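> Keeping their order, the protein sequence lines are chains A and B.
All residue numbers for the first sequence refer to my numbering, where the first residue is 10 and numbers rise by one.
All residue numbers for the second sequence refer to my numbering, where the first residue is 10 and numbers rise by one.
2 protein chains.
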Amino acid sequence: MTVVTNPSLRRRKPESAYHHGDLRRCLVAAGFDLLEKHGAASLSLRQVAQSAGVSPAAPYAHFADKTALLAAIAAEGFVAFKAALEAGKAKTPAARLEAMALAYVSFARRHPALFRLMFGPELADLSPHPELREKAVASFAVLQEAIAASQGRASDREAVMTAAWSFVHGLAVLMLDGRIAQGADEREAARRVKEAARRISRGLHRPT
Amino acid sequence: MTVVTNPSLRRRKPESAYHHGDLRRCLVAAGFDLLEKHGAASLSLRQVAQSAGVSPAAPYAHFADKTALLAAIAAEGFVAFKAALEAGKAKTPAARLEAMALAYVSFARRHPALFRLMFGPELADLSPHPELREKAVASFAVLQEAIAASQGRASDREAVMTAAWSFVHGLAVLMLDGRIAQGADEREAARRVKEAARRISRGLHRPT
DNA sequence: GGTTAATCTTGACAGTGTTCATATAGAAAT
DNA sequence: ATTTCTATATGAACACTGTCAAGATTAACC
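1) Just how far apart, CA to CA, sit LYS98(A) and HIS178(B)?
2) How is PHE72(A) classed by DSSP in three states: helix, strand or coil?
3) With a 10 Å radius around its C-beta and 16 neighbouring C-beta atoms as the bar for buried, classify PRO68(B) as buried or exposed.
4) Work out the CA separation of TRP174(B) and ALA198(B) for me, nearest whole Å.
5) So which residues on chain A does VAL182(B) lean against when the C-beta distance must stay under 9 Å?
6) Report all residues from its chain with a CB closer than 6 Å to the CB of LYS144(A); omit the five preceding and five following residues, and keep chain order.
7) At which residues does the alpha helix (DSSP H) containing ILE209(B) begin and terminate?
8) DSSP three-state call for ALA147(B): helix, strand or coil?
9) What residue from PRO121(A), ALA49(A) and ASP186(A) has the CA that sits closest to GLU131(A)'s CA?
10) Nearest by alpha-carbon distance to ALA147(A): which of ASP134(A), GLU95(A) and ASP165(A) is it?
11) Pull up the CB-CB distance for LEU185(A) and PHE124(A), whole angstroms please, since I reckon it's below 8 Å.
12) For THR171(A), would you say it is in contact with chain B, using Cβ-to-Cβ distances shorter than 8 Å as the test?
13) ASP42(A) lies in the alpha helix (DSSP H); which residues open and close that run?
14) If you compare alpha carbons, which of LEU106(B), ALA205(B) and LEU126(B) is closest to VAL169(A)?
15) Hey, does ASP186(B) have any beta-carbon neighbour from chain A nearer than 8 Å?
16) Can you tell which of GLN153(A), ASP74(A), ALA77(A) and LEU36(A) has the C-alpha that lies nearest to the C-alpha of ALA58(A)?
17) Should ARG105(A) be flagged as near chain B, meaning a C-beta pair shorter than 8 Å?
18) Please specify which runs of the beta strand (DSSP E), each continuous and at least 3 residues long, are wholly inside the stretch 152-192 of chain B, giving them in chain order.
19) Distance check for ALA155(A) and ILE209(A), CA to CA, integer angstroms please.
20) Kindly provide the ranges of any beta strand (DSSP E) runs that are 3 or more residues long and lie completely inside the stretch 77-127 of chain B, ordered along the chain.
21) Hey, how far is the Cα of PRO102(A) from the Cα of LEU141(A)?
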């Protein structure tokens, strides 16, 4: 995870600095940490502010809303997400879907709260958060390239993307919520993901 | 939607009834309505209580928690969900998956807030809510029967279920959040669902 | 009919997001 | 170097939330 967690950033001028210097990034980093550590339910703007060593109203100089801060955190999340997806290179279309599914699910399992924030209802409307939208579609583009452009005619691209993405995303979500492979360790989960991906990829390309 | 919304139930004895008589069900119904009307973000226990014509602390006689009330609402949601899934009968395995996907997505689109509650993180842990768990697995059983038992060997059942359910659920979630088929009307959405389902069902059964 | 147990109200507490007026300090302009 | 300006942070306040303890009210039961 490449989000700025450097403690030296947490307070630029440790003593007697009325103006923090770099509060915006610091708030995002602090929120990020709290999110991963204690979950989204207890992620309050006030706690983030306090954790950054600043007054409860200070964030409003940098974010219009609590939602705006969440959007910034989620944007960082999508950067990391994109990087995770790009790590999974593979030759054949089937192996590519499998690698994508593995990376997708693995990310969700390693950062459950972050993943839920990224795809959660609070940020479902991307229009007020252009930066988030940008980072999000950049992630999806990786998926799209890897899956859709791998095979089949161009006219199929969108349909294949819909089917494959739905499968991969659903798999991640259902596993996160313990609806599938409840309490499975990493190896077992990976096995299940691979098996499902193999089944799916068989029918994906070429329409009836 | 078969949840009790009968207004005559909203207050059993309209005047001078210290004891409501049927508050528990009334709270669930009121919460249900508020959820569908104004979304989950603004669904407060106090508002539900007020909407049921009762003091803010009254719900605690029937529910341990706000989460417990949400669980009861979600349980009702799963009852309706199961009914919606059962409506889609079909002969061939492909048509069955297609019908399931249509019903699944259609339900999510018609009751977005309820659907998100049912599968959301607040209720991800089903262990404190046995009734919710029961209704939830009853819904999933419909899926399981229709999809897995339709074809293929018994040893495949679980794997097929995983793949198919992941696809259908992911499709619903991504559409809900506008990540797929953004701003499509009912007909167009149905077209996309059918097309994706056709692609998926082709590779589902029989392992490599 | 009096006791008991369940139900509801009242009042309070800590915590939340948000706003407004005010204080501070770094930057720009003179 | 002094003044002015503007971005940034503070403090107090508001309405609202979930939750709890103490007391009032009622239905049910022996």
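Heads up, the beta-carbon is just placed ideally off N, CA and C, and yes, glycines get one too.
Given the structure is predicted, the values throughout are model-derived calculations rather than measurements.
Taking the structure as given:
1) CA-CA distance, LYS98(A) to HIS178(B), rounds to 26 Å.
2) The three-state secondary structure of PHE72(A), taken from DSSP, is coil.
3) So PRO68(B) counts as buried.
4) Each residue's alpha carbon lies about 19 Å from the other.
5) Here the neighbours are PHE128, SER175, HIS178, GLY179 and VAL182.
6) These residues qualify, in order along the chain: ALA84, PHE87 and VAL88.
7) In this chain, the alpha helix (DSSP H) harbouring ILE209(B) covers 195-213.
8) Here DSSP, grouped into helix, strand and coil, assigns ALA147(B) to helix.
9) Residue ALA49(A) is the option with its Cα nearest to GLU131(A).
10) When only C-alpha atoms are compared, the closest one is GLU95(A).
11) Taking 8 Å as the upper bound for CB-CB distance, LEU185(A) and PHE124(A) are in contact here, some 7 Å apart.
12) Closer than 8 Å to the CB of THR171(A) there is at least one CB belonging to chain B.
13) Segment 32-47, the alpha helix (DSSP H) holding ASP42(A).
14) Comparing Cα-Cα distances from VAL169(A) to each of LEU106(B), ALA205(B) and LEU126(B), the minimum goes to ALA205(B).
15) Cβ-Cβ to chain A under 8 Å: yes for ASP186(B).
16) Comparing Cα positions, the closest option is LEU36(A).
17) Not closer than 8 Å to any Cβ of chain B, the Cβ of ARG105(A) fails to qualify, so no.
18) With a minimum length of 3 residues, no continuous beta strand (DSSP E) run stays inside the stretch 152-192 of chain B.
19) Computed Cα separation, rounded: 15 Å.
20) Qualifying beta strand (DSSP E) stretches: none in this window.
21) Looking at the two C-alpha atoms, the distance is approximately 29 Å.
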